[in-house]
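Under the working numbering, the first residue of the sequence shown carries the number 6, and numbering increases by one thereafter. Each residue gets a CB set at the ideal place from its N, CA and C atoms; glycine is no exception.
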Amino acid sequence: MLRSLYIQNYALIEKLDIDFGSGFSVITGETGAGKSIILGAIGLLLGQRADVKSIRRGAAKCVIEARFEIAGYGMQPFFEENELEYEDECILRREVYASGKSRAFINDTPASLVQMKELGEQLIDVHSQHQNLLLNKEGFQLNVLDILAHDEEELAAYQSLHREWKQAQRDLENLIALAGQNKADEDYIRFQLEQLEDAHLTAGEQEELEREADTLSHAEEIKAGLFRAGQVMNSDEGGLLSALKECLNTMSGLQKVYPSAGELAERLESSYIELKDISQEISGKEEEVEFNPARLEEVNDRLNLIYTLQQKHRVSTVDELLALADDYAAKLSNIISSDEQIEELKSRSEALYNKVKKQAAVLTELRTAAAREVEKQMAARLIPLGMSNVRFRVEIGTRKEPDAHGADTVGFLFSANKNGALQNISSVASGGEIARVMLSVKAMIAGAVKLPTIVFDEIDTGVSGEIADRMADIMQEMGDSDRQVISITHLPQIAARGRAHYKVYKQDNETETNSHIRRLTDEERVEEIAHMLSGATLTEAALNNAKALLGIV
Numbered sequence: 006m007l008r009s010l011y012i013q014n015y016a017l018i019e020k021l022d023i024d025f026g027s028g029f030s031v032i033t034g035e036t037g038a039g040k041s042i043i044l045g046a047i048g049l050l051l052g053q054r055a056d057v058k059s060i061r062r063g064a065a066k067c068v069i070e071a072r073f074e075i076a077g078y079g080m081q082p083f084f085e086e087n088e089l090e091y092e093d094e095c096i097l098r099r100e101v102y103a104s105g106k107s108r109a110f111i112n113d114t115p116a117s118l119v120q121m122k123e124l125g126e127q128l129i130d131v132h133s134q135h136q137n138l139l140l141n142k143e144g145f146q147l148n149v150l151d152i153l154a155h156d157e158e159e160l161a162a163y164q165s166l167h168r169e170w171k172q173a174q175r176d177l178e179n180l181i182a183l184a185g186q187n188k189a190d191e192d193y194i195r196f197q198l199e200q201l202e203d204a205h206l207t208a209g210e211q212e213e214l215e216r217e218a219d220t221l222s223h224a225e226e227i228k229a230g231l232f233r234a235g236q237v238m239n240s241d242e243g244g245l246l247s248a249l250k251e252c253l254n255t256m257s258g259l260q261k262v263y264p265s266a267g268e269l270a271e272r273l274e275s276s277y278i279e280l281k282d283i284s285q286e287i288s289g290k291e292e293e294v295e296f297n298p299a300r301l302e303e304v305n306d307r308l309n310l311i312y313t314l315q316q317k318h319r320v321s322t323v324d325e326l327l328a329l330a331d332d333y334a335a336k337l338s339n340i341i342s343s344d345e346q347i348e349e350l351k352s353r354s355e356a357l358y359n360k361v362k363k364q365a366a367v368l369t370e371l372r373t374a375a376a377r378e379v380e381k382q383m384a385a386r387l388i389p390l391g392m393s394n395v396r397f398r399v400e401i402g403t404r405k406e407p408d409a410h411g412a413d414t415v416g417f418l419f420s421a422n423k424n425g426a427l428q429n430i431s432s433v434a435s436g437g438e439i440a441r442v443m444l445s446v447k448a449m450i451a452g453a454v455k456l457p458t459i460v461f462d463e464i465d466t467g468v469s470g471e472i473a474d475r476m477a478d479i480m481q482e483m484g485d486s487d488r489q490v491i492s493i494t495h496l497p498q499i500a501a502r503g504r505a506h507y508k509v510y511k512q513d514n515e516t517e518t519n520s521h522i523r524r525l526t527d528e529e530r531v532e533e534i535a536h537m538l539s540g541a542t543l544t545e546a547a548l549n550n551a552k553a554l555l556g557i558v
């Protein structure tokens, strides 16, 4: 529950630091004193959008910080999932800078606004007057049923199936669209594939053909060069081999008288053998090389085909052409098998849809039982609030197609008058009636959800007298159930029932106006409630009436 609230440089608040207690507390103050400013500051802690205009004039930033006691509310999983340190006291802080930058912290650790909003919604529920409009929102009405039905696990299972089904539907639609496009392109794809397959391309052939083309194009030049080299080596007169042979014989002859010549002879013999082998290879190469215009034309034709295909498909290698052929083959295969794939996906989508409907039926059963409970509780709560002839019914219908929340439509039907026709609550209820209905709904939800703090902002609008007493009873009862309830009110009957009473007020000085809030003493509380009864002028009757409301003898 909310233990303290610190506000600095926000709107008309220069600095505010206030502690709150458990149970039922009230906040009063004149219109415009700054109650809405405090709610706006709390809203920032709940992840609402920050407006730099709300920063106090002349300040570089505003700071909002709240401390919550969260022991016993089972919030450890949130901190574990978000890798935040858990402590029994949780601190939320929001800083908004004049530059427009905003920072959020949870227990002094930087956090995202999404995290702050998710945690804040588990810590505090602020009910403002505009929330009464939620009674006409089907989503809110359905959420009330789900809370009372305690169907969290069933709803999560349903939503998982629904997401799977919708994804299968999207996949089916995409496949049908792709198959239609591919079939339109089938002739083109088939032609391109056949052209590539007819080329009978093989990896590495382009490089081999280019080398062969170079050889064939220069055949005469290559053959003449090889012939000249062979002549140099093998000529009978002055040839390299005959000269080397003569040197070898000379060294061999000197071995008897000059032993060192033997080593030289061995080296010369080795060189002679190597050069003779080279000479023979040159002769063989010369015989291999021939001028063959027909083969050159054949090789060039093949290369031209490859180059043409590369240019057409905007690639530079045979490997890329082969990969392109594989891609065309795969597309063609998909086109051929697309009808089968479509049927398989249709079957999967239908199977998932049946599961969705089955799980939706589980939700409908739980919600129907909860609806009857809602009707009983609402009647029991509204009759003491001056609606003796009230009828409240939860109407559950069926959607044409299940959505993310199930197959059910929900409507709250209401009649406050005897024999009056049941109609949509927003079209027949007055402002005061809607306030009482909404308070009853909140009290009912509070009984099912372990929410630490609830703030009511003038939920008593449009009521007075005995009805205000009954509404105070409900809020006091909620505050006595291990829950903190704070009510911003203009009614003395409600203000007198709070365990603690806070007053919001404005003070002017020579240069500015400041809003403040402080807890009233018992004596101050009597005067505040007397003012609420009689206005600016305190009367003895008002003071006595205030004491009576407070139970002071």
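Could you check where the beta strand (DSSP E) with L97 kicks off and where it finishes?
94-102
Ordered list of alpha helix (DSSP H) runs contained in the region 235-295, each at least 4 residues:
245-259, 265-293
May I have a chain-ordered list of the beta strand (DSSP E) segments no shorter than 3 residues that lie completely inside the region 114-170?
114-116, 129-132
Give the DSSP-derived three-state secondary structure of E70 in the structure shown.
strand
Could you name the residues of the same chain whose beta carbon sits closer than 7 angstroms to that of E2, not counting the 5 residues immediately before and after it, in chain order?
The chain is shown from 6 up to 558; residue 2 falls before or after that span and cannot be answered.
Rounded to the nearest angstrom, what separates A204 and L310 at their Cα positions?
8 angstroms
For H214, collect the residues of the same chain with a Cβ closer than 7 angstroms to its Cβ; drop the 5 residues on either side in sequence, then sort them by chain order.
According to the sequence provided, residue 214 is Leu. The question's His does not apply to it. Closer than 7 angstroms at Cβ, skipping near neighbours: V304, R307, L308.
Alpha carbon to alpha carbon, what distance is there between D282 and E291?
14 angstroms
Using a Cβ-Cβ cut-off of 7 angstroms (strictly less than) and excluding sequence neighbours within five positions of V468, which residues of its own chain qualify?
G437, A440, R441, M476
Can you check DSSP and say which residues form a bridge with H506?
V31
Given a threshold of 16 other Cβ atoms within 10 Å of its Cβ, counted over all protein chains shown, does A182 qualify as buried or as exposed?
exposed
Own chain partners of R108 with C-beta closer than 6 angstroms, once the 5 adjacent residues on each side are dropped
E100
Ignoring anything shorter than 3 residues, give me the beta strand (DSSP E) runs that lie fully in the region 456-500, in order along the chain.
458-462, 489-493
Would you list the one or two residues that DSSP bridges to H521?
Y510
With hydrogens ignored, establish whether the beta-carbon of H495 is closer than 7 angstroms to any heavy atom of the ligand MG.
The ligand MG is absent from the structure shown, which contains no ligands of any kind.
CA nearest to the CA of L326, picked from Q489, A335, L314
L314
CA-CA distance, V262 and H223?
53 angstroms
Just to confirm, is the Cβ distance from M121 to Q489 under 8 angstroms?
no
Going along the chain, which residues of its own chain have a beta-carbon closer than 8 angstroms to the beta-carbon of M449, five neighbours each way excluded?
V149, L153, V379, Q382, M383, R386
Taking the alpha carbon of E529 as the point to measure from, which residue in L17, Y11, T33, D24 has its own alpha carbon closest?
T33
Could you give the first and the last residue of the continuous beta strand (DSSP E) run that contains D24?
18-24
Out of E251, R62, H318, F73, state which residue places its alpha-carbon closest to the alpha-carbon of I194.
H318
Whole-angstrom distance between L160 and V367, CA atom to CA atom:
9 angstroms
Among M483, S486, A553, nearest to Q498 - alpha-carbon criterion
A553
Figure out for me which residue from K58, D176, A189, R98 has the closest Cα to the Cα of I69.
R98
Taking all protein chains shown into account, do 16 or more other C-beta atoms lie within 10 angstroms of the C-beta of G470, making it buried, or fewer, making it exposed?
exposed
Closer than 8 angstroms by C-beta to D485: which residues in its own chain qualify, once you throw out the five before and the five after it? Chain order, please.
G28, F29
Between the beta-carbon of D513 and the beta-carbon of H132, is there less than 8 angstroms?
no
Just how far apart, CA to CA, sit Q146 and R372?
11 angstroms
For A546, the first and last residue of its enclosing alpha helix (DSSP H):
545-555
When you compare the CB positions of S343 and N187, do they come within less than 8 angstroms of one another, or not?
yes
Of the residues A16, M80, G37, which one's Cα is nearest the Cα of L456?
M80
What would DSSP say about D56, mapped onto helix, strand or coil?
coil
Terminal residues of the continuous alpha helix (DSSP H) containing K106?
That residue, K106, is in no alpha helix (DSSP H); it is neither H nor E in DSSP.
Taking buried to mean at least 16 other C-beta atoms within 10 Å of its own C-beta, is T458 buried or exposed?
buried
For V454 and M443, I'd like the C-alpha separation in whole angstroms.
16 angstroms
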